[in-house]
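What follows is a single structure, written as C-alpha cells, with notes after it.
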Amino acid sequence: MAKNPVKRYAMVLDSRKCIDCKACIVACKAENDVPLGVFRNRINAEHGGAYPRLRASFDPEQCHHCDNPSCVRVCPTGASFQREDGIVQVREADCIGCKYCMIACPFDARFFNEETKVVDKCTFCSHRVDRGELPACVETCPSKVRTFGDLNDSGSALHALLESRRYRVLKPQTGNGPQLYYLL
Amino acid sequence: MDRRLFLQIVGAGGFAATSIACPKFFGKGRRAAEPPVPLGIPTTCELCPNKCSVLASVRKGRIHKLNPNPENPKSRNMLCARGNAAIQQVYDPDRLKQPLIRAGARGEGKWKPVSWDEAFDFAAKKLAETKAKHGPEGTLWSSTEGFQEVFFKNLGLAFGSPNILRHPSLCLASVNLAYSMTFGTVPSFDLQNAKYVIMAGANRFESIITPDTMDLIGGVMERKAKFVYLDPRFTVTASKADEWYPIKPGTDMAFILAMIHVIIREDRCDKAFLDQWTLGFDRLVEHVLPYTPEFAEAETGIPAREITRIAREFADAGHRAVFYAGRRSSWYQNDFQMRRAQAILNTIVGNWDREGGMVPNRKVAKGEFMFLPWDDPKAGRVDEVEKNFPLASAKDGVYLQTRENVLKGAPYPVKAWMIYKQDPLNAVPDQGKTLKMMEGMDFIGVVDIAMSDTAWYADVVFPESHYLERTDPIEVMPGIWPAAVLRQQVIKPIHDTLPMLDIAQGLARRLGLADYFDYTIDQWIEAEARELPVENGLEYMKKHGVVAFSEPKYGTTRNAAYRFVTKSGKIEIFSERLAEAGHDPLPVYASPAQPPSGKFRMILGRKATITHAALAGLPWLHEQVPENDLWINQDQATRLGIRTGDLVQVTSTAGTVRIKARATEEIRPDCVFMLHGFGKRSPWLKLVHNVGAADAVLLETAWDKVSGNAAMHETFVNVVKV
Chain W
1 MAKNPVKRYA MVLDSRKCID CKACIVACKA ENDVPLGVFR NRINAEHGGA YPRLRASFDP
61 EQCHHCDNPS CVRVCPTGAS FQREDGIVQV READCIGCKY CMIACPFDAR FFNEETKVVD
121 KCTFCSHRVD RGELPACVET CPSKVRTFGD LNDSGSALHA LLESRRYRVL KPQTGNGPQL
181 YYLL
Chain Y
185 MDRRLFLQIV GAGGFAATSI ACPKFFGKGR RAAEPPVPLG IPTTCELCPN KCSVLASVRK
245 GRIHKLNPNP ENPKSRNMLC ARGNAAIQQV YDPDRLKQPL IRAGARGEGK WKPVSWDEAF
305 DFAAKKLAET KAKHGPEGTL WSSTEGFQEV FFKNLGLAFG SPNILRHPSL CLASVNLAYS
365 MTFGTVPSFD LQNAKYVIMA GANRFESIIT PDTMDLIGGV MERKAKFVYL DPRFTVTASK
425 ADEWYPIKPG TDMAFILAMI HVIIREDRCD KAFLDQWTLG FDRLVEHVLP YTPEFAEAET
485 GIPAREITRI AREFADAGHR AVFYAGRRSS WYQNDFQMRR AQAILNTIVG NWDREGGMVP
545 NRKVAKGEFM FLPWDDPKAG RVDEVEKNFP LASAKDGVYL QTRENVLKGA PYPVKAWMIY
605 KQDPLNAVPD QGKTLKMMEG MDFIGVVDIA MSDTAWYADV VFPESHYLER TDPIEVMPGI
665 WPAAVLRQQV IKPIHDTLPM LDIAQGLARR LGLADYFDYT IDQWIEAEAR ELPVENGLEY
725 MKKHGVVAFS EPKYGTTRNA AYRFVTKSGK IEIFSERLAE AGHDPLPVYA SPAQPPSGKF
785 RMILGRKATI THAALAGLPW LHEQVPENDL WINQDQATRL GIRTGDLVQV TSTAGTVRIK
845 ARATEEIRPD CVFMLHGFGK RSPWLKLVHN VGAADAVLLE TAWDKVSGNA AMHETFVNVV
905 KV
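In order, the protein sequences belong to chains W and Y. End of the first sequence = 184 in the numbering used here, gap-free, step of one. End of the second sequence = 906 in the numbering used here, gap-free, step of one.
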C-alpha cells in the first residue's frame, strides 16, 4: 500500500500492560495545563471476584477522535471540529459553553473547563504532534501501553499492530467510528 | 512512528548534528548512528531512587514539562506520574523559600525568616556548643540517598562525628547483606530475558523500579515469561500475574525452602554449576530434608502440590528462572535469612550471571574529585554496630539501634541532630519514639525542600534548592544496563535556597572546616567527567545527561580465574562467616507469631503515585489518592460492623490513629493495610495535614536480627469502629 499523503491519527492501546500508574494522566495535566479535579484522560479500573479468586483490569481512555464525531455534529457554532488528520478539537474562541457536545459524546471524554470557560478535551497533543513529537501520554507511559501513529502509513508500528493483532473499539454501535483501538 | 524517528526529522531540520563520541554507548534499536539532539535540558529525576533521565522543557523561564530522555536505557524511555509531578514541587506556594529559625516552642509552628548568614551562624554555634560539651560524637548526621548526600555526610565526617546514619537500614540493607554474604555482591535480575519469575511482595507494578517494572510487564504480557506472585494483598502486580497466592505473612521462607527441597529431591539442580562455583551444597541437601512441601503448606497456606509444581517449573526454566529479590524495607525479623534462602534457591538452578538470570552489576567508570581528607573519628558509633550487628555496614549505621541508644543516652549522649532530605518522623517506625528522641536534642537542623513533619520540629530549617534548580555530582547507576547520569540545573533557584554543597560550605566556614570544602560543584563534576568512557565527558554529559551501556554482558564472572568476594572465593550456600557471627549458616525457618484473636497484622506497601512520604501531597498525585484508608477484609469488616467509609480507630502498642475503612475482598482476613504519606503533622503540607493517618505512628520497633534493618510487618493492631 502506498503511503497516503493525508494522515489519519489513531491510537492503539494494549490494556493488559496498563499498571494503573497514572503517569499518562499526570503527564497530560502538565503538558496541557489541565486544572485540578478534571481530566482529559483516565484509567477505567474494574475490580471483581471474591477473596481469594480476584481479578482487576485497567483500561486507559480519552477522546476517541472518532471518524464521524457526534460532538462535532451537534456543535451549534462550529467550535468543535475535526482536522484533516482526524484529530477532533475545540476552537476556544468559538465555544459558547453550551455543552451539547458533552452530552453527545458517547465516551464522556469532554468536560467544562472552569478556568478557560470552554469545553475541553484530549487533542492527541496536536501541538506536539505537529512538531513531530508524540502525545505526552504516549511518550511518558512506563509500560508502553500506547502506540500512536498514522493509520494511513502502512509502515507505522500502529499499522503493524492492527494488521497482526485482534482488537476492539468501544461502543461501535454508536456509528461514531472511534479511533482508540484496544488490543485483545 | 516512534519518537526516535521524529527526533531525527526534527534534528535534521532544526539542529546541527552532534559528533559521535563513542557509538557503542547508544541505545538498542536506535536507527541512526548519531544520538538525537535533546529537545529539552537533559537532567536526572530525584523523586525516587530510580534516577530516570529526563528532558526538561522550559518556556519563558518556567519549567513547562518533563519528558523521558530516551538515551538512558536503564530508565526505559519513560517518566512515571511522580516524575511528571516534580514541577509542582518547584512551584509549590508552600515550599521552603528562605532559611527559618524556630521562634516558639518546638512544633508550635512559629518561625522567624532569617538570612543564610544568620542561619549558618546559629547552627554553627549550636554544633560547636555540642562539640565542646559532648565531643563531636554528640552529633548525629542522618540522611536519605541523593546526589548531594555526599556533601552532607562529609560535613559530619569532617566535623569528627562517627554517627553518620544513612537510609539503608530503613530500606534494603537486609537484601543487600544477604546477597553480598552469598555472592560477594548484590546482583540485578534480568527480567527482560527471564522465562519464569517468582516475586514475593515486591509489588513491582505499583512500586516502580527501572528497568525491572517495565521489563517484567513487557515479558509477562507478551507471554515471554511466566510470573508467580505471593502477596497477602491483591495488588496490581497480583492482577497481572499468571498465579497469585495470598501467602500467610512471614512464611515466605518456608515456601522457598520447600522449593529447594523439591528441586534437590527430584535432582533438578544445575549440578555442574554447583560443583564448580559453590560451597556447601552437600550441607544444604541435609538441611532442607525437613522442609517438605507438606510442611510448607501448613505454614504458608499454599497447597503442597502447587509448591511442588512451581518448584518443578522453576527448575525446568533453569538459568532463565529467577526468584526476584525485591527491594524495599524488611518485613520480618528473619528478613536476612529469608533473602539468603532466595539467593540459595537462585543458585541451585544455576541462574548466576546468565541471560535471564541474576547478573552481577556493571558500572560506568567515572573520576573522583580529590578533597582534603579528615582524621577518622575518635569515638565509636552510638549504635555500636560492630557489637550489635557485626555484619552490617558500619558506614551506614543502623537506624533503630541508633534511636534506642540515643534515647538511653548510652554509650554516650547525642544532643544535636542534623538531617538531610529525610523525614524520620514518617520514615522510621514508631513516631512517638522518634518525637521523644527529638525532644531530647539540644539542637536539630533540617535541610529539605518542603516543611516536612521533621522540619516542623526543627530549630533551624535550611531550604535546599530543588533538583531542577541545581547541578549535582555525576552519579553512577550500576546494573545490567549501567549508566552515569548528570543532574544539571534547568532553571535558576526561584527562592532564596541553596544546594547542599553551599549549605555544607556555609557551615564549614563557621566551624573551621572550610579547607575540606574548598571547591565548586563545577570542579567536582569536571573531575568526575574526566574518566567517563566518552570523549569530552563533561560536554557530552551536559548535552545528553547520560552515558550508558545499552548491551548487557553476561558471564564475566563465569571464568576459572574469577574469585567471588566471599571468604571462600566461591558462592557460599553455607556461610562460615555467618556461623562465626553467631547466626545460622544456612537459613533456618521458625514459624512467625500470628496476630492474637481479634487483632490484625499491619502490612505496608506502595502505590505508583506514592512511594515516599513526601509525595502524597503533590496536587497531581494527591487528586489520584486524596486520603489513605485502612484496607480490611470484607468478611472481617462485616463481623466488626465496619463499612467502607466508616471511621475506625486503629491501635498498636506504639500508638493510635483514626482512619477511614475500606472493606475489600483484596486482602487476607488476618491483615490490614494502609498507604504511606498521610496524616502529616506539618500544617505547611496542606493537602495531607491531618488527612488520613500516618503508618509510622502505629509501627512498632522491630528489626531483622542480622542486618538491623527495620522490620515493618511485625505490628499487630486492633481495629474498632469509632
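All C-beta atoms, glycine included, are put in the ideal place defined by N, C-alpha and C.
Notebook entry, point to check: Taking Cβ-Cβ distances shorter than 8 Å, what residues in chain W pair up with Glu497 of chain Y?
Noted result: Going along chain W, no residue has its Cβ under 8 Å from Glu497 of chain Y, so there is no contact; the nearest lies around 21 Å.
Notebook entry, point to check: Between the C-alpha atoms of Leu468 of chain Y and Ala765 of chain Y, what's the straight-line distance to the nearest angstrom?
Noted result: 19 Å
Note to self: So, with DSSP's three-state summary, where would you put Asn530 of chain Y?
What the structure shows: Helix.
Checklist line | Contact the segment 436 to 445 of chain Y vs the segment 461 to 477 of chain Y: 3+ CB pairs below 8 Å | finding: yes
Check: Any residues in the segment 36 to 58 of chain W with a beta carbon nearer than 8 Å to a beta carbon of chain Y? Which ones, in chain order?
Finding: So the list reads Leu36, Gly37, His47, Gly49, Ala50, Tyr51, Pro52, Leu54, Arg55, Ala56, Ser57, Phe58, given in the order they occur along the chain.
Next item on the list: Can you pull the chain W residues whose beta carbon is under 8 Å from the beta carbon of Pro803 of chain Y, in chain order?
Entry: Those within 8 Å of Pro803 of chain Y in chain W are Leu36.
Item checked: Helix, strand or coil at Asn902 of chain Y according to DSSP, with G and I counted as helix -> strand
Check: At a cut of 8 Å, does the segment 745 to 758 of chain Y reach the segment 572 to 579 of chain Y through at least three beta carbon pairs?
Finding: no
Notebook entry, point to check: At a CB-CB cut-off below 7 Å, which residues of chain Y make contact with Ile96 of chain W?
Noted result: Within 7 Å Cβ-Cβ: nothing; Ile96 of chain W doesn't reach chain Y, min ~28 Å.
Note to self: Starting from Met383 of chain Y, trace the beta strand (DSSP E) in both directions and tell me its first and last residue.
What the structure shows: 380 to 384
Notebook entry, point to check: Name the chain Y residues whose beta carbon is nearer than 7 Å to that of Lys22 of chain W?
Noted result: Ala265, Ala792, Thr793, Gln808
Next item on the list: Please determine if the segment 363 to 376 of chain Y and the segment 580 to 596 of chain Y are in contact, where contact requires at least 3 C-beta pairs separated by less than 8 Å.
Entry: no
Check: Would Pro219 of chain Y count as contacting chain W if we go by Cβ distances under 7 Å?
Finding: Residue confidence is low: Pro219 of chain Y scores 47 on pLDDT, short of 50, so the model does not pin down where it sits. Its coordinate-derived value is still stated next. Answer no: the Cβ-Cβ gap between Pro219 of chain Y and chain W never drops below 7 Å.
Notebook entry, point to check: Looking only at DSSP bridge pairs, what is Leu349 of chain Y linked to?
Noted result: Y:Ser326
Item checked: Residues that DSSP places opposite Glu450 of chain Y in a beta bridge -> DSSP output for Glu450 of chain Y lists no bridge partner at all.
Checklist line | Proximal residues to Thr328 of chain Y (C-beta, below 6 Å), its chain only, five neighbours per side dropped | finding: Around Thr328 of chain Y: His351, Lys605, Gln606.
Next item on the list: Figure out for me which residue from W:Thr116, W:Asp153, W:Thr123, W:Asp108 has the closest Cα to the Cα of Ile96 of chain W.
Entry: When each option's Cα is compared against that of Ile96 of chain W, the closest is W:Thr116.
Note to self: Taking CB distances under 7 Å as the criterion, tell me whether Lys17 of chain W reaches chain Y.
What the structure shows: Yes, because at least one Cβ of chain Y sits closer than 7 Å to the Cβ of Lys17 of chain W.
Item checked: Nonlocal neighbours in the same chain, by C-beta distance under 6 Å from Ser259 of chain Y, ignoring five residues either side -> Cys236, Ser237, Thr394
Next item on the list: Kindly say whether Lys145 of chain Y, judged by its beta-carbon, lies nearer than 7 Å to any beta-carbon of chain W.
Entry: Outside the modelled stretch of chain Y, which goes from 185 to 906, sits residue 145 of chain Y, for which no answer is possible.
Check: Going by Cα to Cα distance, which pick from Y:Leu239, Y:Ser299, Y:Ala838, Y:Phe389 is closest to Val139 of chain W?
Finding: The question names Val, yet the displayed sequence has Glu at residue 139 of chain W. If we check each option's Cα against that of Glu139 of chain W, Y:Leu239 comes out closest.
Check: Taking C-alpha atoms, which residue in W:Thr147, W:Arg168, W:Asn44, W:Pro172 lies nearest to Ala160 of chain W?
Finding: W:Thr147
Next item on the list: Could you check what DSSP says for Val221 of chain Y in three-state terms: helix, strand or coil?
Entry: Unreliable placement is indicated for Val221 of chain Y, whose pLDDT of 47 sits below 50; the coordinate value is still reported in the next sentence. In the structure shown, Val221 of chain Y sits in coil (DSSP, three-state: anything other than H, G, I, E or B).
Next item on the list: Please check if any C-beta of chain W sits within less than 7 Å of the C-beta of Pro430 of chain Y.
Entry: Yes, contact with chain W.
Notebook entry, point to check: Quick one: Cα of Leu556 of chain Y to Cα of Phe335 of chain Y, how far?
Noted result: 13 Å
Next item on the list: Flag Lys29 of chain W as yes if its beta-carbon sits less than 7 Å from any beta-carbon of chain Y, otherwise no.
Entry: yes
Next item on the list: Decide if Arg720 of chain Y is buried, meaning its Cβ has at least 16 other Cβ atoms within 10 Å, or exposed.
Entry: The residue you asked about is not Arg; residue 720 of chain Y is Asn in the sequence shown. The residue in question, Asn720 of chain Y, is exposed, as its Cβ has fewer than 16 Cβ neighbours within 10 Å.
Next item on the list: Measure the CB-CB distance between Leu930 of chain Y and Val274 of chain Y and report whether it falls below 7 Å.
Entry: As displayed, chain Y neither begins before 185 nor continues past 906, which places residue 930 of chain Y out of reach and without an answer.
Item checked: Beta-carbon proximity of Val119 of chain W to Val74 of chain W, cut-off 7 Å -> no
Checklist line | Chain-order list of residues whose beta-carbon lies under 6 Å from that of Lys22 of chain W (same chain, five-residue window excluded) | finding: none
Item checked: chain W contacts from the segment 258 to 286 of chain Y (Cβ-Cβ distance under 9 Å) -> Of all residues in the segment 258 to 286 of chain Y, Arg260, Asn261, Met262, Leu263, Cys264, Ala265, Arg266, Gly267, Asn268, Ala269, Ile271, Gln272 have a Cβ within less than 9 Å of some Cβ in chain W.
Check: Nearest CA to the CA of Glu735 of chain Y: which residue from Y:His318, Y:Glu539, Y:Asn387, Y:Gly330?
Finding: Y:Glu539
Notebook entry, point to check: Since Phe784 of chain Y meets chain W, which of its residues come closer than 7 Å, beta carbon to beta carbon?
Noted result: Correct list: empty, because the minimum Cβ distance to chain W is about 15 Å.
Check: Taking just the CA atoms, how far does Pro657 of chain Y sit from Ile931 of chain Y?
Finding: Limits of chain Y in this structure are 185 at one end and 906 at the other, which puts residue 931 of chain Y out of reach.
Item checked: Reduced DSSP category for Gly177 of chain W - H, G, I as helix; E, B as strand; rest coil -> coil
Margin query: Give me, in chain order, the residues of the same chain whose beta-carbon lies closer than 8 Å to that of Asn41 of chain W; leave out the 5 immediate sequence neighbours on both sides.
Written below: So the list reads Cys24, Ile25, Cys28, Pro60, Glu61, Gln62, Cys122, Cys137, once near-sequence residues are dropped.
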